[in-house]
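Per the working numbering, the sequence shown runs over residues 1 to 457.
Glycine residues also receive a C-beta, built at the ideal position from the N, C-alpha and C atoms.
Quick caveat, the model's predicted, so the values are computed rather than measured.
Right, one structure below, let's go through it.
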Amino acid sequence: MNVSSPEGIGTVLLAAGAFQFTRRFLDIPTRLPAWEPYLQKIWVIFGVLIGLSALFSIDLSNGWVALGVSLVYVYMLMQLYYYQPARMVLLAVAPFLLFWIVGSFIEYYAPAYYKHNDDFIDNSIGFSTIWLGTFLVIASRQKKSLLKVEQERAREAEERRIIEAKKQELEYLVAERTAEITQQKEELEHALVELKSTQNQLIQSEKMASLGELTAGIAHEIQNPLNFVNNFSEVSIELIDELAEEQAKPDRDLDLEAELLSDLKQNLQKITHHGGRASSIVKGMLQHSRANTGQREAVDLNALCDEYLRLAYHGLRAKDKSFNALFNTDLDASLGVVSVIPQDISRVLLNLFTNAFYAVQQRQKKGETPGYQPTVTVSTRCAGDEAVITINDNGTGIPEDLKQKIFQPFFTTKPTGEGTGLGLSLAYDIVTKGHNGTLEVESQEDKGTTFTIKLPA
Numbered sequence: 001m002n003v004s005s006p007e008g009i010g011t012v013l014l015a016a017g018a019f020q021f022t023r024r025f026l027d028i029p030t031r032l033p034a035w036e037p038y039l040q041k042i043w044v045i046f047g048v049l050i051g052l053s054a055l056f057s058i059d060l061s062n063g064w065v066a067l068g069v070s071l072v073y074v075y076m077l078m079q080l081y082y083y084q085p086a087r088m089v090l091l092a093v094a095p096f097l098l099f100w101i102v103g104s105f106i107e108y109y110a111p112a113y114y115k116h117n118d119d120f121i122d123n124s125i126g127f128s129t130i131w132l133g134t135f136l137v138i139a140s141r142q143k144k145s146l147l148k149v150e151q152e153r154a155r156e157a158e159e160r161r162i163i164e165a166k167k168q169e170l171e172y173l174v175a176e177r178t179a180e181i182t183q184q185k186e187e188l189e190h191a192l193v194e195l196k197s198t199q200n201q202l203i204q205s206e207k208m209a210s211l212g213e214l215t216a217g218i219a220h221e222i223q224n225p226l227n228f229v230n231n232f233s234e235v236s237i238e239l240i241d242e243l244a245e246e247q248a249k250p251d252r253d254l255d256l257e258a259e260l261l262s263d264l265k266q267n268l269q270k271i272t273h274h275g276g277r278a279s280s281i282v283k284g285m286l287q288h289s290r291a292n293t294g295q296r297e298a299v300d301l302n303a304l305c306d307e308y309l310r311l312a313y314h315g316l317r318a319k320d321k322s323f324n325a326l327f328n329t330d331l332d333a334s335l336g337v338v339s340v341i342p343q344d345i346s347r348v349l350l351n352l353f354t355n356a357f358y359a360v361q362q363r364q365k366k367g368e369t370p371g372y373q374p375t376v377t378v379s380t381r382c383a384g385d386e387a388v389i390t391i392n393d394n395g396t397g398i399p400e401d402l403k404q405k406i407f408q409p410f411f412t413t414k415p416t417g418e419g420t421g422l423g424l425s426l427a428y429d430i431v432t433k434g435h436n437g438t439l440e441v442e443s444q445e446d447k448g449t450t451f452t453i454k455l456p457a
């Protein structure tokens, strides 16, 4: 049989078609890129084969072409053995290739045998063709299933890629935000340090302002005992001179001498009393101005209240000579001494007294109440295991909406420049935190204010 026979040409066309079908079906360009250049030119290759066969008179239906093409085809499928549809195609074409090769050899080399058994061979090839079609359908379904799986995996991979990208972006944003928060934290810590420093400076300024109020009061208050000391000293000198003259007389009057000595003793006692009074005032000033040691001492609260009531009044009068007010005391003699920190309690009392006199001064300046008499009263009493100090004034009072704020730091009802807003805040902390007591306020606008201090006795 020569090359021009339909059977030889059919063999070549069948082989070329099988390769092209397999190329598309198994996606050879993607899975076997090394084979793709040859498969793209398969028609050219088989055309050259036909041409060479014509030149050299080679019969393409002698079985060897079928064997060679089948081996190349099977080898190609073996390269895709990992791909399940490729294995199914190999299983599908194996019987067909086997019968095709065997039939081609028998037909060419044993034509008599082939002619005698051509029905069997044709039936076998027909059966293998049915087998081929069936398994190609199965392979097609597997391919679709795997394609769906691959698409799902590709989608999952894309989702993972997107998630990873989002994760990296989020990590970057978190790192950036963390850096911002760290910087803000450092700035806040620095601001807190500056705030604490400023707070300490303000507290010290409040203490110095309080000390100024105290000093102004002392300048007036200490003058009284010093005047008494000077006056009684002069009188005592005169008494001593009279006593010396009497003793120099030949007829001494013993009764007069005794009277002069008694007067001299009384004067010296008054000098001692008023000297102690001056010493007490100076001691109070020193206690008020020195640093707080936190040491509790047994203190006569009645004396302390009376002392600082006077100092606060005279401190305000030192600024305004035209100001006059009544100040009353109602001190419980049974109160005795109480263990407190003297410097702190004196600051509290001075602040409350100063505020009280300021309130009555402001109401007096308004002139809205005929016959108004500014009055500040301090009273003490022993209530079981508590020492109670009440400071009352009939000044301007505190509006209801401001009463909840007066113990807040930096809050003040005074005009700008007349108060730091720390006095009552410090007083509240000293009483409640420093002495485990309470500081309460009751007030009615344009009627007056009452502060009540309760300390553990």
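{"Check": "Bridge-paired residues (DSSP) for Val441", "Outcome": "Phe451"}
{"Check": "For Ile391 and His288, the rounded distance between their alpha carbons", "Outcome": "A caution first: His288 carries a pLDDT of 48, below 50, which makes its placement in the model too unreliable to give a value."}
{"Check": "Environment of Ala291 [buried if 16+ CB atoms lie within 10 Å]", "Outcome": "Residue confidence for Ala291 is low, a pLDDT of 48 falling below 50, so the modelled location carries little weight and cannot support an answer."}
{"Check": "Start-to-end residues for the alpha helix (DSSP H) that takes in Glu36", "Outcome": "36-40"}
{"Check": "Proximity to Thr375 [Cα-Cα], best of Ile106, Ala112, Gln444, Tyr358", "Outcome": "Tyr358"}
{"Check": "Start-end ranges of the alpha helix (DSSP H) lying completely within the stretch 59-127, minimum 4 residues", "Outcome": "64-79, 84-109, 111-116"}
{"Check": "Arg381: first and last residue of the uninterrupted beta strand (DSSP E) it sits in", "Outcome": "375-383"}
{"Check": "Leu309 and Phe353 closer than 8 Å at C-beta", "Outcome": "yes"}
{"Check": "Secondary structure of Ala291, DSSP reduced to three states", "Outcome": "Here Ala291 scores only 48 on pLDDT, less than 50, and its place in the model is too uncertain to base an answer on."}
{"Check": "Start-to-end residues for the beta strand (DSSP E) that takes in Phe323", "Outcome": "It is not in any beta strand (DSSP E) - Phe323 carries neither H nor E in the DSSP assignment."}
{"Check": "Selected residue, minimal CA-CA separation from Asp300, among Ala92, Ala457, Gly133", "Outcome": "Ala457"}
{"Check": "For Pro456, the three-state DSSP class (helix, strand or coil)", "Outcome": "strand"}
{"Check": "Extent of the continuous alpha helix (DSSP H) to which Asp344 belongs", "Outcome": "342-366"}
{"Check": "DSSP three-state assignment for Ile162, whether helix, strand or coil", "Outcome": "helix"}
{"Check": "Residue closest to Gly63, alpha-carbon to alpha-carbon, out of Met76, Val93, Ser104, Val69", "Outcome": "Ser104"}
{"Check": "Collapsed DSSP secondary structure at Asn392 in the structure displayed", "Outcome": "strand"}
{"Check": "Identity of the residues DSSP links to Glu187 by a beta bridge", "Outcome": "BP columns for Glu187 are empty, so no partner."}
{"Check": "Identity of the residues DSSP links to Ser339 by a beta bridge", "Outcome": "Ala298"}
{"Check": "Integer-rounded CB distance, given that Lys270 should sit under 8 Å from Phe232", "Outcome": "5 Å"}
{"Check": "Cutoff 8 Å: Leu226 Cβ touching any chain B Cβ", "Outcome": "The structure shown contains no chain B; it holds only a single protein chain."}
{"Check": "Assigned exposure category for Met78 - 16 Cβ within 10 Å defines buried", "Outcome": "exposed"}
{"Check": "CB contact flag (Leu331, Asn351, <8 Å)", "Outcome": "no"}
{"Check": "Limits of the unbroken alpha helix (DSSP H) element including Leu426", "Outcome": "423-429"}
{"Check": "8 Å contact criterion, which Ser236 and Leu268 should meet: CB distance rounded", "Outcome": "7 Å"}
{"Check": "Among Arg252, Lys144, Leu192, Glu400, nearest to Glu442 - alpha-carbon criterion", "Outcome": "Glu400"}
{"Check": "Assigned exposure category for Thr449 - 16 Cβ within 10 Å defines buried", "Outcome": "buried"}
{"Check": "Contact set for Gln295: own chain, Cβ-Cβ below 8 Å, skip 5 residues either direction", "Outcome": "Ile341"}
{"Check": "Assumed close pair Val431, Gly437 - CB separation to whole angstroms, cut-off 8 Å", "Outcome": "5 Å"}
{"Check": "Cβ shell of Ala15 (< 7 Å), same chain only, five flanking positions each side left out", "Outcome": "Phe46, Val69"}
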